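Engineer: After the structure tokens below, expect a handful of questions from me.
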Amino acid sequence: MVKEELIKRSPLRVLEQAIHGGLGKGQIGVLASPKGVGKTACLVHIATDKLLQGRPVIHVSYSSRVDYIINWYEDIFTELAKKRRLESAVDVHDEIVKNRVIMNFKQEGARTEQILRSVEALVSFGKFAADAVIVDGYDFTRTAGEDLAKFKAFAQKLGLEVWFSASLKENGAPIYEESGMPHLLRSVVDDIDVLITLHAQGDHVELRVVKDRDFPPPGLLKLKLDPKTLLIM
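This is how it looks when you write it as structure tokens:
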């Protein structure tokens, strides 16, 4: 399959249709679930889809290790290329790596303003015309509400779409409201444009849209995450 056909037939086109054309510039999207359900796989699949379209991506990781993020990208691309029998896979791989930058920070050691200045310097002065920012490992239990508002203002200023992952702590209490809204994100939901929750269901993971801006959320999507291939199907 040629790259253009792979992009056209990607299941992420279904996601974009479900949330009215995709996330969009200046907006914040969040993928939320307990740890280990598949948030990082979804984020990297979203990022890889953009890279295949020639849309540069900055990946901001709050993890202590960057190598595992690189491995996620390698694994997702390998599975996509194999499953779709991508032509000239090596050339496509080399092309998309040039459009990806991974930045690593410690949440307890860097203020949000510092991180955003670093990203802006890369975009504005480093001439890396990013289309999207992926943020993984961000601990929503340790943040004040104004931090997400700063990310939102930054996204609007530079015309970026920003995707976060949010780990929901399982401590015996319900982690979701009856509406499906995670309790953890209730205080910052006004700054979230699209919120998707992930739910493990045996051999697959369901994706549910809990918030879609001011539109009625569509709920359960006609998509699933395959834990074996790590791909959204």
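First residue of the sequence shown: 1, per our numbering; consecutive thereafter. Idealized CB from N, CA, C, for every residue including glycine. Since we're looking at a predicted model, the values are computed, not measured.
Taking Cβ to Cβ, would you say Gly-137 is nearer than 8 angstroms to Tyr-68?
Structural biologist: Residue mapping note: residue 137 aligns to position 137 of the sequence shown, counting from 1. Residue mapping note: residue 68 aligns to position 68 of the sequence shown, counting from 1. Cβ distance not < 8 angstroms, so Gly-137 and Tyr-68 don't count as in contact.
Engineer: Please report the Cβ distance between Leu-225 and Gly-29, rounded to the nearest whole angstrom; I am assuming they are in contact, meaning their Cβ atoms lie under 8 angstroms.
Structural biologist: Taking the first residue of the sequence shown as 1, we reach residue 225 at position 225. Taking the first residue of the sequence shown as 1, we reach residue 29 at position 29. No, Leu-225 and Gly-29 are not in contact; Cβ-Cβ is about 16 angstroms, not under 8 angstroms.
Engineer: Which residue marks the beginning of the alpha helix (DSSP H) containing Val-119, and which one marks its end?
Structural biologist: On the sequence shown, residue 119 is found 119 positions in, with the first residue counted as 1. Taken as a continuous stretch (DSSP letters only), the alpha helix (DSSP H) holding Val-119 covers 112-124.
Engineer: Using the rule of at least 16 other Cβ atoms within 10 Å of the residue's Cβ for burial, across every protein chain shown, is Asp-214 buried or exposed?
Structural biologist: Taking the first residue of the sequence shown as position 1, residue 214 is located at position 214. It is exposed - the Cβ of Asp-214 has fewer than 16 other Cβ atoms within 10 Å.
Engineer: If you follow the alpha helix (DSSP H) that Glu-206 is in, where does it begin and where does it stop?
Structural biologist: The count along the sequence shown starts at 1 and reaches residue 206 at position 206. Not the alpha helix (DSSP H): Glu-206 falls in the beta strand (DSSP E), residues 204-212.
Engineer: Quick check on the burial criterion: 16 or more other C-beta atoms within 10 angstroms. Buried or exposed for His-59?
Structural biologist: For the purposes of this step, residue 59 is identified with residue 59 of the sequence shown, where counting begins at 1. The residue in question, His-59, is buried, as its Cβ has 16 or more Cβ neighbours within 10 Å.
Engineer: For Leu-116 versus Lys-150, is the C-beta spacing smaller than 8 angstroms?
Structural biologist: As a working note, residue 116 is residue 116 in the sequence shown. As a working note, residue 150 is residue 150 in the sequence shown. Result yes, Cβ atoms of Leu-116 and Lys-150 sit closer than 8 angstroms.
Engineer: Rounded to a whole number of angstroms, what is the C-alpha to C-alpha distance between Leu-12 and Ile-46?
Structural biologist: On the sequence shown, position 12 is the one that residue 12 refers to. On the sequence shown, position 46 is the one that residue 46 refers to. For Leu-12 and Ile-46, the distance between alpha carbons rounds to 7 angstroms.
Engineer: Could you give the first and the last residue of the continuous beta strand (DSSP E) run that contains His-20?
Structural biologist: Residue numbering aside, residue 20 sits at position 20 when the sequence shown is read from its first letter. Here His-20 belongs to no beta strand (DSSP E), and DSSP marks it neither H nor E.
Engineer: When you compare the stretch 192-207 with the stretch 18-37, are there three or more beta-carbon pairs, one atom per stretch, that lie closer than 8 angstroms?
Structural biologist: Yes: the two stretches touch, three or more of their Cβ pairs being nearer than 8 angstroms.
Engineer: Look up Thr-48 in the DSSP assignment and say whether it is helix, strand or coil.
Structural biologist: Residue mapping note: residue 48 aligns to position 48 of the sequence shown, counting from 1. In the structure shown, Thr-48 sits in a helix (DSSP, three-state: H, G or I).
Engineer: Just reading off the alpha helix (DSSP H) that Phe-77 is part of, what are its end residues?
Structural biologist: Against the sequence shown, residue 77 aligns to sequence position 77. Unbroken alpha helix (DSSP H) run through Phe-77: 67-83.
Engineer: Secondary structure at Gly-145, three-state DSSP: helix, strand or coil?
Structural biologist: Taking the sequence shown and counting its residues from 1, the one referred to as residue 145 is at position 145. Looking at Gly-145 - three-state DSSP - the assignment turns out to be helix.
Engineer: Straight-line CA distance for Lys-222 to Asp-203?
Structural biologist: Along the sequence shown, read from residue 1 onward, the residue named residue 222 stands at position 222. Along the sequence shown, read from residue 1 onward, the residue named residue 203 stands at position 203. Looking at the two C-alpha atoms, the distance is approximately 16 angstroms.
Engineer: Using only the alpha-carbon positions, how far apart do Lys-106 and Val-57 sit?
Structural biologist: For the purposes of this step, residue 106 is taken as the residue at position 106 of the sequence shown. For the purposes of this step, residue 57 is taken as the residue at position 57 of the sequence shown. Rounded to the nearest angstrom, the two C-alpha atoms are 20 angstroms apart.
Engineer: Give me the Cβ distance between Leu-267 and Ile-7, rounded to the nearest whole Å; I'm assuming they're in contact under 8 angstroms.
Structural biologist: Given that the chain is displayed from residue 1 to residue 233, the structure contains no residue 267 and the question cannot be resolved.
Engineer: Got a sec? Which residues, its chain only, sit under 6 angstroms from Leu-285 by beta carbon, not counting five neighbours each side?
Structural biologist: Examination of residue 285 is not possible in this model, given that the chain is present from 1 through 233 alone.
Engineer: Could you compute how far the alpha carbon of Thr-112 sits from the alpha carbon of Asp-147?
Structural biologist: The sequence position of residue 112 within the sequence shown is 112, counting from 1. The sequence position of residue 147 within the sequence shown is 147, counting from 1. Answer to the nearest angstrom: the Cα atoms are 7 angstroms apart.
Engineer: Do the CB positions of Leu-43 and Ser-179 come within less than 8 angstroms of each other?
Structural biologist: Indexing the sequence shown from 1 puts residue 43 at position 43. Indexing the sequence shown from 1 puts residue 179 at position 179. Against a cut-off of 8 angstroms, the Cβ pair of Ser-179 and Leu-43 comes out as no contact.
Engineer: Quick check on Phe-154: does DSSP put it in helix, strand or coil?
Structural biologist: Mapped onto the sequence shown, residue 154 falls at position 154. Correct three-state label for Phe-154: helix.
Engineer: Threshold first: 4 residues or longer. Then list the alpha helix (DSSP H) segments lying entirely within the stretch 83-108, N to C.
Structural biologist: Those alpha helix (DSSP H) runs which fall completely within the stretch 83-108 and span 4+ residues are 89-97.
Engineer: Would you please state the rounded distance, in angstroms, between the beta carbons of Glu-87 and Val-2? I believe it to be under 8 angstroms.
Structural biologist: Taking the first residue of the sequence shown as 1, we reach residue 87 at position 87. Taking the first residue of the sequence shown as 1, we reach residue 2 at position 2. Rounded, the Cβ-Cβ distance is 5 angstroms, consistent with contact.
Engineer: Please state the DSSP three-state secondary structure of Asp-190.
Structural biologist: Numbered from 1 along the sequence shown, position 190 holds the residue referred to as residue 190. Note: Asp-190 maps to helix in three-state DSSP.
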